[in-house]
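Residue numbers (the working numbering), protein chains in the order written: chain A, 280 to 588; chain B, 1259 to 1354. Where is the CB? At the ideal position from N, CA and C, for every residue including glycine. Everything on this sheet refers to the single structure shown next.
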Amino acid sequence: MMTRRTRSLKTHSLSALRATLPALIALGLASIVACGSAAVPQELMDARAAYANAAKGPAAELAPAQLDTAKTSLDVAQKSFDSDGPSQKTKDLAYVAERRAEIAAAEGSREKAERKRAAADKDFKSTQMEGLEKTKEQLDAERRAREAANQDVNKTKAELAAEKAARAEAEKRAAAALASLQEIAKVKEESRGVVITLSGSVLFATGKSDLLPIAKEKLDQVAKALVSQGFKAIVVQGYTDSRGSASDNQTLSLKRAQSVRDYLTTQQIPADKITAEGLGASKPVASNDSADGRAENRRVEIVVTPDKG
Amino acid sequence: MPQDSLTAAQADVKGAEVGGAADNPKAALHLKLAKDQIELAQKQIKDGDNEAAARTLDRAQADAELALSLAKEAKAQADAVDANEQVGKLRKEIAK
């Protein structure tokens, strides 16, 4: 009987359950929801949400004291709800608890912002130092450039002075060379250049074109003067007096000029800058009627085209 | 007893105002709530409902404190943004 009844009850309740299951579930859910919204006041739900929000924000690390105060405040509200239900007191306590949670959240955010600001200030200072360093470097570079420029000016001045001194020295040397040359030869400035005239009797034996030993000494001095003074080109011209045949005179004068030219090339006068010409008895410089005049006409002229001009 | 709480709440409101709560919308809202509740508490005290007045003043105080915290937070945030901008400007100036 019992068993049957139980079974029938079971069967009944099972089928009933099966039939009413969706309704039961719906009812159950509704009752839970209804219980939640009706029983727990909005203030307490807000307080819980505010606390959960604060706890997962920066307050947990940066405002722990305020967060703890908020937790205590929430617990007090919860206890009030547990004992009194959704009373005005519970609502007031929950209201305060929500503010405490929001205060904790705000303090955490504030602390975070202040740290950010402190970091930025530090960054600002170091950037300033960086800029200062850079400016200093720029100024240093500018100063160095200025000093280098001054040095260049000084160097240029020194170079100019040295050049001037060298030029003066060269002029002095040239003048000295010219003076020493004037002791052994006639030196004249003509339109065709500087003409150094050497007496034939000093350079050659009569009728010969080989240089006498004394001639070499004189030509050494001439060469020295020419090298020190500088020149563009040199023409060695040989002349004779009017005695003898013109062709003989021409040949002799050329040979003598060539002897002088060849010797000068051995004394640092470049061969490509010096040529020889035989002009015989042409262009006498004195009368061929007297012995002295003829002696003057027997000569070698070294025509120097100056380097400059 | 409620008189002390009233004075304390009024002082907190003053503090929030000095702290610039009126300049920030969210802080200004809580400042207003605090003031409204002080007014309500004064009425409750007048009506002899000291217990209700004390709880209303607790609410007022919490709102006033929150108003000050929000004002301070807003200022700190603005300062942080400003400081970052200053660094950016300086960096650009130096890079020139």
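- In this chain, the beta strand (DSSP E) harbouring A/Gly557 covers Ile553 to Gly557.
- Taking 7 Å as the upper bound on Cβ-Cβ separation, chain A lies near residues Arg1313, Asp1316, Arg1317, Ala1320, Asp1321, Glu1323, Leu1324, Ser1327, Leu1328 and Lys1330 of the segment 1298–1330 of chain B.
- Contacts between B/Asn1342 and chain A, judged by CB atoms closer than 7 Å, involve Ala399 in chain order.
- Rounded to whole angstroms, the Cβ separation of A/Gly479 and A/Arg578 is 5 Å, and the two are in contact under 8 Å.
- The Cβ atoms of A/Tyr330 and A/Lys358 lie no closer than 9 Å to each other.
- Here A/Gly387 is not near A/Ala356, since their CB atoms are 9 Å or more apart.
- Taking C-beta atoms as the reference points, A/Ala392 and B/Ala1334 count as a pair closer than 9 Å.
- In this model, B/Gln1302 and B/Leu1348 are separated by some 58 Å (Cα to Cα).
- No Cβ of chain A is located within less than 9 Å of the beta carbon of B/Leu1264.
- Under the Cβ criterion of 9 Å, A/Tyr330 is not counted among the residues facing chain B.
- Beta-bridge partners of A/Glu469 (DSSP): A/Gly472.
- Judged by DSSP in its simplified three-state form, B/Val1345 adopts helix.
- Under the three-state reduction of DSSP, A/Ser561 is assigned to coil, being neither helix nor strand.
- The beta-carbon of B/Ala1338 is placed less than 9 Å from the nearest beta-carbon of chain A.
- Residue contact with chain B for A/Val432: absent (no Cβ-Cβ distance below 9 Å to any residue of chain B).
- With respect to chain B, the C-beta atom of A/Ala440 has no partner C-beta closer than 9 Å.
- Among the bridge pairs identified by DSSP, A/Tyr518 is matched with A/Arg578.
- In this structure, B/Ala1280 sits away from B/Ala1292, with a CB-CB distance that is not shorter than 9 Å.
- Contact check for A/Gly559 and A/Thr519: beta-carbon distance about 6 Å, within the 8 Å limit, so the pair qualifies.
- For A/Gly336, the closest Cβ of chain B is not nearer than 9 Å.
- Scanning chain B for C-beta atoms nearer than 7 Å to the C-beta of A/Val375 yields Asp1316, Arg1317 and Ala1320, reported in chain order.
- Look at A/Leu491 here: in three-state DSSP terms it is coil, with no helix or strand label.
- Distance from the CA atom of B/Gln1261 to the CA atom of B/Ala1312, rounded to whole angstroms, is 9 Å.
- In this structure, DSSP gives A/Ala512 an extended state, which the three-state scheme calls strand.
- When the Cα atoms are used, A/Ser352 and A/Gln345 turn out to be separated by approximately 10 Å.
- If you check each beta-carbon in the segment 337–360 of chain A against every beta-carbon of chain B, none falls closer than 7 Å.
- With respect to chain A, the C-beta atom of B/Ala1334 has a partner C-beta closer than 9 Å.
- Annotated three-state conformation of A/Thr414 is helix, per DSSP.
- Taking a cut-off of 8 Å on C-beta distances, the segment 483–493 of chain A does not touch the segment 429–441 of chain A, as fewer than three cross pairs fall below it.
- Three or more beta-carbon pairs drawn from the segment 498–508 of chain A and the segment 457–465 of chain A are found closer than 8 Å, and the two stretches are therefore classed as touching.
- When 9 Å is used as the limit between beta carbons, B/Ile1352 is near these residues of chain A: Thr406, Gln407, Glu409, Gly410, Lys413 and Thr414, in chain order.
- When A/Ser538, A/Thr369 and A/Lys467 are compared, the shortest CA-CA separation from A/Val319 is found for A/Thr369.
- Under DSSP, A/Val481 takes part in no beta bridge, so it has no partner.
- Taking A/Gly572 as the centre and dropping the five residues before and after it, the same chain places the C-beta of Ala565 and Ser566 closer than 7 Å to its C-beta, in chain order.
- In the DSSP assignment, B/Ile1303 falls within the alpha helix (DSSP H) that extends over Pro1283 to Lys1304.
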